[in-house]
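>
Protein chains in written order, with our numbering: chain A, 1 to 731; chain B, 732 to 866.
1) Please compile the residues from chain B whose C-beta is within a distance smaller than 9 Å of the C-beta of residue 78(A).
2) Where residue 532(A) and residue 340(A) are concerned, what is the direct C-alpha to C-alpha distance, given to the nearest angstrom?
3) How many angstroms separate the CA atom of residue 374(A) from the CA atom of residue 465(A)?
4) Identify each residue in the segment 755-777 of chain B for which the Cβ-Cβ distance to at least one residue of chain A is less than 7 Å, and report them in chain order.
5) Based on the DSSP secondary-structure assignment, which residues constitute the bridge partners of residue 557(A)?
6) Can you say whether residue 856(B) is buried or exposed, counting buried as having 16 or more other CB atoms within 10 angstroms of its CB?
7) What residue from 445(A), 509(A) and 499(A) has the CA that sits closest to residue 473(A)'s CA?
8) Can you tell which of 708(A), 607(A) and 516(A) has the C-alpha that lies nearest to the C-alpha of residue 640(A)?
9) Relative to the C-alpha of residue 173(A), which candidate in 201(A), 491(A), 689(A) and 197(A) has its C-alpha closest?
10) Kindly indicate which three-state DSSP category residue 715(A) falls into: helix, strand or coil?
11) Taking the alpha-carbon positions, what's the residue 247(A) to residue 267(A) distance?
12) If the cut-off is 7 Å on Cβ atoms, which residues from the segment 121-141 of chain A count as contacting chain B, listed in chain order?
13) Quick one: does residue 35(A) have its CB under 8 Å from some CB of chain B?
14) Measuring CB to CB, does residue 490(A) end up less than 8 Å from residue 700(A)?
15) Given this structure, state the Cα-to-Cα distance separating residue 850(B) from residue 46(A), to the nearest angstrom.
16) According to DSSP, which residues form a beta bridge with residue 316(A)?
17) Is any beta-carbon of chain A found at less than 8 Å from that of residue 837(B)?
18) Between residue 348(A) and residue 438(A), which are expected to be in contact by the criterion C-beta below 8 Å, what is the C-beta distance as a whole number of angstroms?
19) Rank 547(A), 296(A), 234(A) and 605(A) by C-alpha distance to the C-alpha of residue 183(A) and give the top, closest one.
20) First and last residue of the alpha helix (DSSP H) that includes residue 169(A)?
21) Taking contact to mean 3 or more Cβ pairs, one atom from each stretch, closer than 8 Å, check whether the segment 143-153 of chain A and the segment 828-846 of chain B are in contact.
22) Can you check whether the CB of residue 263(A) is closer than 8 Å to the CB of residue 242(A)?
23) Given that residue 789(B) touches chain A, what residues does it touch there, using C-beta distances under 8 Å?
24) Looking at the C-beta of residue 42(A), does it have a partner C-beta in chain B at a distance below 8 Å?
25) Where does residue 406(A) sit, in a helix, a strand or coil, going by DSSP?
26) Anything in the segment 47-68 of chain A with a Cβ closer than 8 Å to a Cβ of chain B? List those residues in chain order, please.
27) Helix, strand or coil for residue 752(A)? Go by DSSP, reduced to three states.
28) Does the segment 323-335 of chain A touch the segment 396-411 of chain A, meaning 3 or more C-beta pairs lie closer than 8 Å?
29) What does residue 23(A) touch in chain B if you count any residue whose Cβ is under 9 Å from its own?
30) Let me check understanding here. Comparing Cα to Cα, which of 65(A), 289(A), 38(A) and 540(A) lies closest to residue 21(A)?
31) With distances taken between CB atoms, is the gap from residue 502(A) to residue 554(A) smaller than 8 Å?
32) Please check if any C-beta of chain A sits within less than 8 Å of the C-beta of residue 832(B).
33) Taking the runs of the alpha helix (DSSP H) that are 4 residues or longer, which of them lie wholly in the segment 538-605 of chain A?
34) Can you give me the C-alpha to C-alpha distance between residue 359(A) and residue 593(A), rounded to a whole angstrom?
35) Could you check what DSSP says for residue 122(A) in three-state terms: helix, strand or coil?
36) If we call anything under 8 Å between Cβ atoms a contact, is residue 419(A) one with residue 456(A)?
Listed below in structure tokens is the structure:
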């Protein structure tokens with residue numbers, strides 16, 4: 001095929017080497033030949049002659065003349081047959097032929113044209129005009145040759161570039177195109193593609209719509225465009241990638257008439273680019289991202305962390321005995337080890353993604369990356385960590401996993417790793433600083449030789465260790481029931497009677513003493529320990545209330561807090577059910593306190609769970625009301641019974657008129673919605689009086705009592721058997 | 732062109748033979764002469780004189796045998812060869828004859844063929860006169 005093309009190109013190259021163009025004159029009239037010879041030679045032509053058609057064809061093959069003058073009527077073979085014969089020769093397809101016919105012989109003129117003559121001249125020949133006619137014909141032949149040559153060059157250029165051009169007439173919808181266009185789209189010889197729609201049909205379905213749209217838009221906006229699309233390959237199941245460039249042709253009045261464009265097969269280029277990208281961004285031995293890719297990922301993670309005000313960690317690690325493996329077992333063994341290490345690292349990071357994702361992966365964009373920097377150096381980028389100790393946890397697991405022996409061929413090999421950790425933003429706010437500091441931390445870890453990992457910041461390191469041990473302690477505290485539940489009474493502001501208790505958890509650490517709930521509750525939530533903890537408090541509180549009732553105390557509500565982790569956990573309903581079942585408590589006495597922000601995270605799901613709670617017969621209160629989003633429109637839809645006004649509003653009630661307005665509004669609103677209102681953090685008589693003035697239903701706070709352990713509470717109850725509380729609050 | 736079948740052409744102006752040949756035609760041929768080449772005019776005239784009798788003989792045979800295709804080809808050949816040497820009347824006669832043969836008008840062919848040889852001979856005399864004048 002290539003040969004044929006080359007030949008075709010040569011064929012149409014104008015013959016520029018001849019100084020004197022050769023004219024073949026065919027005539028059976030010798031006198032005519034003689035006279036023409038003189039005239040033509042005078043004009044600078046070389047003349048060869050033939051007396052009939054047979055001779056003419058032979059002479060043509062021998063001399064390859066630039067032009068032929070052919071008499072029509074000749075013996076042996078006439079001029080018409082001779083023309084037909086010459087035109088069938090490959091080299092005779094384009095040679096100009098001047099047919100000599102009788103003056104009045106129209107039939108001959110028509111026939112000569114049909115056989116392929118270029119022009120005609122009538123007899124008797126004017127030999128003075130003849131050379132000029134020949135000149136003119138040669139000139140137009142050269143023009144035609146140049147055109148064919150140009151066309152062939154264009155075809156070749158298009159074929160080499162795999163680039164075809166096309167033109168789409170908007171009015172008729174007709175599409176015309178070059179040969180290479182057909183080849184690029186894999187059209188067969190007989191395939192037609194006469195319309196734009198047929199062209200669109202050739203495009204993979206996923207891209208088709210876009211191409212159609214952008215073309216229409218281009219016509220509308222009179223703007224050029226380019227787009228890439230795929231088309232099925234004609235050889236196999238693969239697809240070819242095509243780039244299309246086009247511009248609408250709009251004459252002066254601005255109305256577009258045509259679209260002119262090209263298509264180019266860029267499959268190889270696209271593949272090469274992908275390959276180059278892989279070579280540039282991935283490590284050949286392990287297939288892990290390399291330093292360049294890591295840097296990009298790091299930059300991206302940094303941007304994301306800045307935007308979300310989030311933390312992330314860079315773990316820098318190397319293998320402690322890698323060089324020995326390489327030296328003793330060879331490079332292939334070394335590569336094998338690197339591959340196995342990579343697989344383990346990837347595994348740890350994937351698993352830890354699930355462990356740390358305890359709050360339903362709020363940030364799906366945060367990605368963890370394992371990269372190989374070269375040699376035995378790796379970096380693990382933890383795209384999002386809530387706390388530094390998350391990174392420590394992963395580091396610990398990495399160290400553990402890496403140290404498990406490897407099977408390399410017939411050898412068992414052990415390596416260990418040392419890990420340096422830097423955390424954004426405390427250890428650096430640029431990729432360079434974070435990398436460098438993680439590296440520095442790794443060297444510190446090597447020096448100290450402990451734990452296998454080290455944070456860059458000593459402070460963070462200590463904190464992480466501290467929290468780590470605290471987490472362990474909390475776990476055992478739950479297991480060993482070192483936790484206690486305390487109870488804070490609530491007062492009915494109208495009657496002055498106790499209306500209920502709120503159960504609160506306390507932790508007395510064997511060596512640290514009391515640990516604040518503000519410290520261990522978040523820790524419990526992060527680690528998932530809140531689930532057993534919450535379950536324990538719930539059942540404990542229910543049982544205690546039932547014990548008091550059994551002992552003769554007037555039944556009153558017992559409120560238990562519910563964390564967001566518990567709420568979104570589907571077992572919550574089951575936990576409540578079990579607590580009620582085991583304790584035998586009247587469900588109407590159990591009150592679950594939820595924060596409004598928790599409910600608003602997913603309002604529909606929240607309403608669904610609340611309905612399930614209500615179905616159990618329990619009460620639901622919204623805790624800390626006023627601090628969150630406080631969406632009043634949603635409040636109406638929530639099936640709740642109580643609102644607890646946040647202590648921050650109560651605190652400044654006597655000072656801040658704004659808070660007075662807010663509290664008054666909340667109470668009015670609640671009453672309109674038939675909700676009971678509880679004021680938290682009531683500490684002074686003045687606060688109490690104002691709240692009562694607004695018809696607040698219940699009060700809770702130090703004015704009534706601080707939270708008390710069971711013994712203390714029972715003592716308190718005994719001391720205030722009748723109305724001391726009422727006295728305390730001035731009733 | 733306004734040939735009427737059957738009327739024929741009466742021999743005219745027999746005395747002034749030189750009218751049978753247009754001298755401009757001969758001058759034109761002579762002007763095509765290239766230096767150092769054989770005399771073109773002489774060769775063309777000689778060719779005319781030697782080739783035409785063969786054509787006339789062929790023509791007569793065709794007429795005798797009723798083969799108008801033969802007549803037509805011979806007339807075609809002579810039509811142009813006589814035109815080149817300026818034998819206008821002879822050329823026109825051949826043209827008419829060719830057309831009659833093409834139209835298969837046999838009586839017209841016979842009428843036109845009659846006296847053609849005389850016409851040719853007159854042309855030869857005239858040519859000789861012109862040639863000797865030129866020489």
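Backbone N, C-alpha and C fix where the C-beta goes; we use that ideal spot for every residue, glycine too.
Since the structure is predicted, the reported quantities are computational estimates derived from the model, not experimental observations.
According to the structure data:
1) By 1-based counting over the first chain, the position of residue 78(A) is 78. The contacting residues do not exist; residue 78(A) stays about 10 Å from chain B at best.
2) Residue mapping note: residue 532(A) aligns to position 532 of the first chain, counting from 1. Residue mapping note: residue 340(A) aligns to position 340 of the first chain, counting from 1. Those two C-alpha atoms are separated by around 38 Å.
3) Within the first chain, the letter at position 374 stands for residue 374(A). Within the first chain, the letter at position 465 stands for residue 465(A). When rounded, the distance between both Cα atoms is 31 Å.
4) 760, 763, 764, 765, 771, 774 and 775
5) Within the first chain, the letter at position 557 stands for residue 557(A). In the DSSP output, where bridge partners are listed per residue, residue 557(A) has 500(A).
6) If you number the second chain from 1, residue 856(B) lands on position 125. Exposed, by the Cβ-count rule.
7) Translated into the one-based positions of the first chain, residue 473(A) becomes position 473. Closest by alpha carbon: 509(A).
8) As a position in the first chain, residue 640(A) is number 640, starting the count at 1. Answer by Cα proximity: 607(A).
9) Within the first chain, numbered from 1, the residue matching residue 173(A) stands at position 173. Checked all of 201(A), 491(A), 689(A) and 197(A); the closest Cα to residue 173(A) is 197(A).
10) As a first step, residue 715(A) must be located in the first chain, where it is residue number 715. Residue 715(A): helix per DSSP, three-state reduction.
11) The residue you call residue 247(A) lines up with position 247 of the first chain. The residue you call residue 267(A) lines up with position 267 of the first chain. Each residue's Cα considered, the two are about 23 Å apart.
12) 123, 124 and 127
13) Here residue 35(A) corresponds to residue number 35 of the first chain, with the count starting at 1. Chain B, which has a Cβ nearer than 8 Å to the Cβ of residue 35(A), makes this yes.
14) Taking the first residue of the first chain as position 1, residue 490(A) is located at position 490. Taking the first residue of the first chain as position 1, residue 700(A) is located at position 700. In this structure, residue 700(A) lies closer than 8 Å to residue 490(A) by Cβ.
15) What you label residue 850(B) is simply residue 119 of the second chain in a count that begins at 1. What you label residue 46(A) is simply residue 46 of the first chain in a count that begins at 1. Each residue's Cα considered, the two are about 37 Å apart.
16) Position 316 of the first chain, counted from the start, is the residue given in the question as residue 316(A). Residue 316(A) is bridged to 379(A) and 420(A).
17) Here the question's residue 837(B) lines up with position 106 in the second chain. No, its Cβ sits nowhere closer than 8 Å to a Cβ of chain A.
18) Within the first chain, numbered from 1, the residue matching residue 348(A) stands at position 348. Within the first chain, numbered from 1, the residue matching residue 438(A) stands at position 438. The Cβ separation is near 17 Å, so there is no contact.
19) The residue given as residue 183(A) occupies position 183 in the first chain. Nearest C-alpha to residue 183(A): 234(A).
20) On the first chain, position 169 is the one that residue 169(A) refers to. No alpha helix (DSSP H) contains residue 169(A), which is instead part of the beta strand (DSSP E) from 163-169.
21) no
22) By 1-based counting over the first chain, the position of residue 242(A) is 242. By 1-based counting over the first chain, the position of residue 263(A) is 263. Cβ atoms of residue 242(A) and residue 263(A): closer than 8 Å.
23) Looking up residue 789(B) in the second chain gives position 58. Ordered by position in chain A, no residue passes the 8 Å Cβ test against residue 789(B), which lies about 11 Å from the chain.
24) In the first chain, the residue the question calls residue 42(A) occupies position 42. For residue 42(A), the answer is yes, since a Cβ of chain B falls inside 8 Å of its Cβ.
25) Reading the first chain from its first residue, position 406 is the one you call residue 406(A). The answer is strand: DSSP assigns residue 406(A) an E or B state.
26) none
27) Residue 752(A) lies beyond the stretch modelled for chain A, which goes from 1 to 731, so this question has no answer here.
28) yes
29) What you label residue 23(A) is simply residue 23 of the first chain in a count that begins at 1. By Cβ distance, chain B contributes nothing, its closest Cβ being about 15 Å from residue 23(A), past 9 Å.
30) The residue you call residue 21(A) lines up with position 21 of the first chain. Among 65(A), 289(A), 38(A) and 540(A), the Cα nearest to that of residue 21(A) is on 65(A).
31) Here residue 502(A) corresponds to residue number 502 of the first chain, with the count starting at 1. Here residue 554(A) corresponds to residue number 554 of the first chain, with the count starting at 1. No. Outside cutoff.
32) Residue numbering aside, residue 832(B) sits at position 101 when the second chain is read from its first letter. No, because no Cβ of chain A sits closer than 8 Å to the Cβ of residue 832(B).
33) 564-568, 572-583 and 596-601
34) Taking the first chain and counting its residues from 1, one reaches residue 359(A) at position 359. Taking the first chain and counting its residues from 1, one reaches residue 593(A) at position 593. Note that residue 359(A) scores 42 on pLDDT, short of 50, meaning its location in the model is unreliable; the coordinates nonetheless yield the value given after this. Roughly 20 Å separates the two Cα atoms.
35) Mapped onto the first chain, residue 122(A) falls at position 122. The answer is strand: DSSP assigns residue 122(A) an E or B state.
36) As a position in the first chain, residue 419(A) is number 419, starting the count at 1. As a position in the first chain, residue 456(A) is number 456, starting the count at 1. No, these two residues do not count as a Cβ contact at 8 Å.
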